[in-house]
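Participant: Numbering of the sequence shown is given in UniProt numbering, commencing with residue 1 and proceeding in unit increments.
In this text, a Cβ means the ideal position worked out from N, Cα and C, and glycines have one as well.
Just so you know, these numbers come straight off a predicted model, no measurement behind them.
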Amino acid sequence: MDDSEQSLRKTGSSTSATSHEELTNAIETIMAVDRARLSKDESGSSFERIYSAASVIIAFLDMLKAERDGMLRLAALLAPLLDVLFMDRLFELRRTFHDMAAAFGQPDDAVALVCWVDHILARLGSTSLHLLKTASVRVDVTEDALQTILKHRDDSVLHAASQLPHSWEDMITLIGSEHASPAAVRLALHLLYAVYVIKPHLSGASNETNKCSPSRSLLHALQSYIHRRHDSLVLDQRVAEAMAVSLFAAADMALDKAEQSPFRPHTQATLLGLMHAALPPLETGQDVLSPVIRPQPQLTALCGCGSTVEWSWAIWDDERINDYDVVLRLTATWLYHLGSSDSPSSWGPPLLDALAKNPDAATIVIAALLRRAKTQALSSRILSDDVTDVVHKCTQAAAWLVNACEDIGHGLCYNISKAASGLFVLLGDTAGELKVKDIVIELLSYVPPNLFSDSISELSREARLNLKNRLDDKLRALRKAPVEWTSSQRRAATQLLQFITLTSHAALAVTTCFHSQCLVSFFKQVIAWFASPEAAQADESPRLLQALLTALLIAEPSILELDMDRRTHSWTDEDIWALAIDFKCHGVLTKAAFASFVIASLPRRKCDALWHAMALDCLRDFLFELTTLQHADEDETLSMYARMVTMSAIGNLVDHAAENTGKSCAFLLCTLPADSRGCTSGVHAVHPMDGKSSHRAR
């Protein structure tokens, strides 16, 4: 059979690109083979079909190895070959063909039997390793040297395949054996890793829901393997050890929660040591937040696919554990390689899936990373782009966790709030840092006000942070003429207004974070910017206006108490009404903010019929937009709230005007759309003839 195998190998190597249909048919052919009839097939038709199917599979695997840039795209077709049932059938046929070959040989022949199944198994093992190396660092070598290396490796892997056991179930026993060939054990690990880690990753199915998930016996075999001494200077051995860790994670996660992690603490210390060995040493100036940009294959085996990272969160869930930084470094590298921070759709779904597996454990590691990020930002004025990318995703994860987990511990939530608030104060205004601060604002809005207030108070007592002076510096950085503000500065101004709103909403005195003089000057500058010609064209105007109206609504009473005289000479309510009316308040939140500001400012101002009429006309337009399909893409609850606030503002305007001018606003009110007049209860309708107000129910 040796000559036929050489022919098969040549045929497979020379076959052109294999289609998905051909590959599917080849798999179905092999699955349908009746082993009982093979020895009785005198015509050889069954052997021809098997030979043809094997040639297609080998051609496909050779094509994968030959690909470089397109390998990861083609790898999706690999999943059917890694199915447990298909692997089981391959081993059954391998035993049948070995038995047939042995029957033709002499009893005293000492030869290694190699059949077509061994070629497929060898290629599957090499393909799993090649996948990791394709996604890792590439080492430039000459073509001749590369071919020599590949030829030697193919021969050694094929020899290892001939030493594999005769059944798929016995592969586990091989891993735990102390007497098996190291090459055969590595190949067994490659195949098991491909089936239980790569295959679920390619098909999008986790081992937790896979009926062919790894068994508890695999955990015992892996335990025996990882405790044996190995020559870790060999790259293939380091990759095999990393695969063993990922397999251990997959097998442990496939168990019931009550049965997980039965090997504490010795095995876990060994596993953590193997993970540590897969990480390169930290370079000068690097921290645990610094991701490995170009990971070696052993690190890719840990965090490239599978659930090893998420599993590590649950196993090592205490920062006091020795070498806990390994978990943080692995998480930082995993976050970095999830996808570009410019494209949340690429990394958002896998990150959400990982957080959902064990939110409590995820919260612990995310909180630890945020604290490290705050510490690093405090010691270095500028974070590298790579670290900023990690911090961005980490902050988004924290926002999702705090928003979704109502039972999150107060201690963890407090730590997250303190670290995130510190990051807001410390980060600059580069594009990446502005993205992080946007997420920080979202995150802090989910934190209970009392915890946010406590965290800010604690930060204000940190002498090294110097909270108030740093925030004042941010306000002073915007002291140039508002007309000269760049896009980044307008965005930074928006974030500062949002932060002011959050601190005021948490019942914090504004003097905790800002000096009143700087704060009033900042508000004056923002209001003045809307009078500039640039405001009408700037993309940031709608969001900046929304932030300004909300900040004035929440924080202005505190500012009035601190500096009434300076505020009086800085802006008036008419100034705010005018800029809101001029800019039409795009967006549901901005409309609701203006309506709320109208309600809040009416009691403290004298009636001006013209301003009342202009505001009422503007609110009428808002109500018309809110009751039509112009905001159909907005959240229904938010739209309903905006309609209620707008109707309330209209009613207050009419009442306030009627007390002083009688019919000054009546005619405008009766021009409201019919649907708008009846969309909420408690609306004041004024008859166009007598101007008398009457309460109108829904």
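By Cβ distance below 7 Å, which residues in the same chain neighbour Ser664 in space, the five residues on each side in sequence not counted?
Facilitator: Note on Ser664: pLDDT 49, under 50, position unreliable in the model; no value is reported.
Participant: Please determine, among Glu21, Gly125, Tyr324, Arg49, the residue with the shortest C-alpha to C-alpha distance to Val33.
Facilitator: Among Glu21, Gly125, Tyr324, Arg49, the Cα nearest to that of Val33 belongs to Arg49.
Participant: Please go through the same chain and pick out, in chain order, the residues whose beta-carbon is closer than 7 Å to the beta-carbon of Arg491, but skip the five residues on each side of it.
Facilitator: Here the set comprises Leu434, Glu540.
Participant: By a C-beta neighbour count over all protein chains shown, 10 Å radius and 16 as the cutoff for buried, is Pro214 buried or exposed?
Facilitator: Burial call: buried.
Participant: Relative to the C-alpha of Phe514, which candidate in Val526, Ile527, Leu497, Trp529 has its C-alpha closest?
Facilitator: If we check each option's Cα against that of Phe514, Leu497 comes out closest.
Participant: Is the separation between the beta-carbon of Gln268 and that of Ile315 shorter than 9 Å?
Facilitator: Yes.
Participant: Helix, strand or coil: which one does DSSP assign to Gln376?
Facilitator: Gln376 falls in the helix class under three-state DSSP.
Participant: Measure from the alpha carbon of Arg329 to the alpha carbon of each residue in Leu255, Phe583, Leu427, Leu369, then state which is nearest.
Facilitator: With distances taken between Cα atoms, Arg329 lies closest to Leu369.
Participant: Pull up the distance between the alpha-carbon of Lys357 and that of Ala332, whole angstroms please.
Facilitator: Distance between the alpha carbons of Lys357 and Ala332: 18 Å.
Participant: If you count every other CB in all the chains shown that lies within 10 Å of the CB of Leu502, and 16 or more means buried, which is it?
Facilitator: Burial call: buried.
Participant: For a test of the three-state rule: what should DSSP assign to Tyr225, helix, strand or coil?
Facilitator: Reduced to three states, the DSSP call for Tyr225 is helix.
Participant: In chain order, what are the residue ranges of uninterrupted alpha helix (DSSP H) at least 4 long that sit wholly in the region 399-480?
Facilitator: Entirely contained in the region 399-480, the alpha helix (DSSP H) runs reaching 4 residues are, in chain order, 410-426, 431-446, 449-460, 467-476.
Participant: With contact counted as at least three CB pairs below 8 Å, one residue from each stretch, are the region 405-424 and the region 452-463 in contact?
Facilitator: As far as the Cβ criterion goes, the region 405-424 touches the region 452-463, which means the pair count is three or higher.
Participant: Measuring CA to CA, which of Val157, Thr375, Ala399 is closest to Val425?
Facilitator: It is Thr375 whose Cα lies nearest to the Cα of Val425.
Participant: Cβ of Val391 within 9 Å of Cβ of Leu383?
Facilitator: Yes, the Cβ-Cβ distance between Val391 and Leu383 is below 9 Å.
Participant: Tell me the residue span of the alpha helix (DSSP H) that contains Leu131.
Facilitator: Here the alpha helix (DSSP H) through Leu131 covers 116-134.
Participant: Going along the chain, which residues of its own chain have a beta-carbon closer than 8 Å to the beta-carbon of Ser19, five neighbours each way excluded?
Facilitator: Taken in chain order, the list of residues that qualify is empty.
Participant: Could you tell me if Ile293 is buried or exposed, where buried requires 16 or more neighbouring beta carbons within 10 angstroms of its beta carbon?
Facilitator: The residue is exposed, with fewer than 16 neighbouring Cβ atoms inside 10 Å.
Participant: Buried or exposed: Leu121, going by 16 or more other Cβ atoms within 10 Å of its Cβ?
Facilitator: With 16 or more other Cβ atoms within 10 Å, it is buried.
Participant: Could you tell me how far apart the beta carbons of Ala59 and Ile30 are, in whole angstroms, since I believe they sit closer than 8 Å?
Facilitator: Wrong, their Cβ atoms sit about 14 Å apart, outside the cutoff.
Participant: Can you tell me the Cα-Cα spacing of Lys437 and Val365, whole angstroms?
Facilitator: Roughly 20 Å between the two C-alpha positions.
Participant: On the criterion of 16 or more Cβ atoms from any shown chain inside 10 Å, does Gln537 qualify as buried, or is it exposed?
Facilitator: Exposed is the call here.
Participant: Residues in the same chain with beta-carbon distance under 7 Å from Leu355, minus the five sequence neighbours each way, listed in chain order, please.
Facilitator: Result list for Leu355: Ala362, Ala397, Trp400, Leu401, in chain order.
Participant: If contact is defined by three or more beta carbon pairs under 8 Å, each pair taking one atom from either stretch, is the region 581-599 in contact with the region 642-652?
Facilitator: Verdict: yes, contact present.
Participant: Roughly how many angstroms lie between the CA atoms of Thr284 and Arg320, to the nearest whole one?
Facilitator: If you take the alpha carbons of Thr284 and Arg320, they lie about 24 Å apart.
Participant: In the DSSP assignment, find the unbroken alpha helix (DSSP H) run with Leu78 in it and report its ends.
Facilitator: Premise fails: Leu78 is in no alpha helix (DSSP H) and is neither H nor E.
Participant: Please report the straight-line C-alpha distance between Asp144 and Ala76, rounded to a whole angstrom.
Facilitator: Note on Asp144: pLDDT 48, under 50, position unreliable in the model; the coordinate value appears next. Answer to the nearest angstrom: the Cα atoms are 30 Å apart.
Participant: Could you work out which residue in Pro350, Glu241, Arg238 is closest to Gly204 when comparing CA atoms only?
Facilitator: Measuring from the Cα of Gly204, the nearest candidate turns out to be Pro350.
Participant: For Gly682, which residues in the same chain have their Cβ closer than 6 Å to its Cβ, ignoring the five residues on either side in sequence?
Facilitator: Any answer about Gly682 is weak, because its pLDDT of 38 lies below 50 and its placement is not dependable; what the coordinates show is given next. There are no such residues.
Participant: Given this structure, state the Cα-to-Cα distance separating Asp675 from Met640, to the nearest angstrom.
Facilitator: Annotation note: pLDDT 47 at Asp675 (below 50); position unreliable, no value reported.
Participant: With a 10 Å radius around its C-beta and 16 neighbouring C-beta atoms as the bar for buried, classify His190 as buried or exposed.
Facilitator: So His190 counts as buried.
Participant: Following the continuous alpha helix (DSSP H) through Val84, name the residue where it begins and the one where it ends.
Facilitator: Start and end: 84-104.
Participant: Give me the residue from Arg604, Ala615, Val288 with the minimum Cα distance to Val654.
Facilitator: Ranking the options by Cα distance to Val654, first place goes to Ala615.
Participant: Within 10 Å of its beta-carbon, does Pro297 have 16 or more other beta-carbons around it, so buried, or fewer, so exposed?
Facilitator: By the neighbour-count rule (16 or more Cβ atoms within 10 Å), Pro297 is buried.
Participant: Compare the beta carbon distance of Thr24 and Lys65 with 9 Å and say whether it is the shorter of the two.
Facilitator: For Thr24 and Lys65, no; Cβs fall outside 9 Å.
Participant: Contact check, Leu626 vs Thr590 under 8 Å by CB: the rounded distance?
Facilitator: With a Cβ gap of about 12 Å, Leu626 and Thr590 do not count as contacting.
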